[in-house]
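Residues -7 to 181 (the numbering used here) make up the sequence shown, in order.
Every residue gets a Cβ at the ideal spot worked out from N, C-alpha and C, and that includes glycine.
One structure is given here, and the rest of the page talks about it.
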Amino acid sequence: MTSAIRPTLTMLLLLSALFGLAYPMISTLLVQAMFTDRVEASLMKGTNNEVLGSSLIGQPFSDPRYFWGRLSAAQYNAAASTGSNLGSANPALLENVKARIAALKNADPENTQPIPVDLVTASASGLDPEISVAAAHYQLSRVAKARGVDEHRVREAIERCTSHRQFGILGEPRVNVLMVNLLLDGKIE
């Protein structure tokens, strides 16, 4: 009986040390070395090294000087992440879309472009940090006027904050709302 306990305990300690300590530590070190820009919640830091937000979590913006992101059914609360769960036939969804269209037209009455769908619908998670390039271009003139800057400068900021398709084929080009707003504020470079 005791002859079976010793090898069993030895294997338990060895495997616990290997898979409970060594493997997680090596994995963590490799990930931190390979993906330095994505660890620690992808926190965006300003010129004074203060945390300004996360590039992975959407934030509410309502000031005309800022680009507006997608709607959030969770009020941008990561702990309550959820979609609106309103079906396409639900009258409440139609009312939400109409209200958002009215707000967008009211904020920029001279804009006659079609409103991109991602500006009037909520994201599935309620935390989407990005909008389509079309949604950013739709808001370009409003942001430039409110800031009193040339549209070319705002367009350059959009281009700098655009993530393109992964591997050239996956996903759509998209603009990180927090990043473009911070860039225009001069809080990041």
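For S124, no alpha helix (DSSP H) segment is defined; the enclosing uninterrupted segment is the beta strand (DSSP E) at E122 to S124. For A116 and S47, the gap between their C-alpha atoms comes out near 17 Å. Residue state for L176 is assigned as helix, using DSSP reduced to three classes. Spanning the alpha carbons of L119 and P(-1) requires a straight line of approximately 51 Å. Around the beta-carbon of V169, 16 or more other beta-carbon atoms lie within 10 Å, marking it buried. One Cα belongs to G163, the other to I(-3), and the distance between them is close to 55 Å. One thing to note: F59 has its Cβ within 8 Å of the Cβ of N173.
Nearest to G178 by C-alpha distance, out of M3, K37 and L5, is K37. The region 113 to 153 contains, as complete beta strand (DSSP E) runs of 3+ residues, the segments 122 to 124 (chain order). Using a C-beta cut-off of 8 Å, the region 86 to 95 makes contact with the region 106 to 113, since at least three inter-stretch Cβ pairs fall below that distance. With contacts defined as CB atoms closer than 8 Å, R147 and L175 fail to qualify as a contacting pair. Excluding residues up to 5 positions away in sequence, P108, D110 and L111 lie with their Cβ nearer than 7 Å to the Cβ of A127 in the same chain.
Partner residues in the beta bridge of Q158, as assigned by DSSP, are L162.
The beta strand (DSSP E) runs of length 3 or more contained entirely in the region 18 to 53 are, from start to end of the chain, 35 to 37 and 43 to 46. The criterion of a C-beta distance shorter than 8 Å is satisfied by G50 and S64. For A99, the enclosing alpha helix (DSSP H) covers residues P83 to A99. The beta carbon of R134 sits closer than 8 Å to the beta carbons of P56, A99, D100 and N103 from its chain, once the five residues preceding and following it are set aside; these are given in chain order. Counting along the chain, no alpha helix (DSSP H) covers T104, and no H or E run does either. In the three-state scheme derived from DSSP, where H, G and I count as helix and E and B as strand, L63 is classed as strand.
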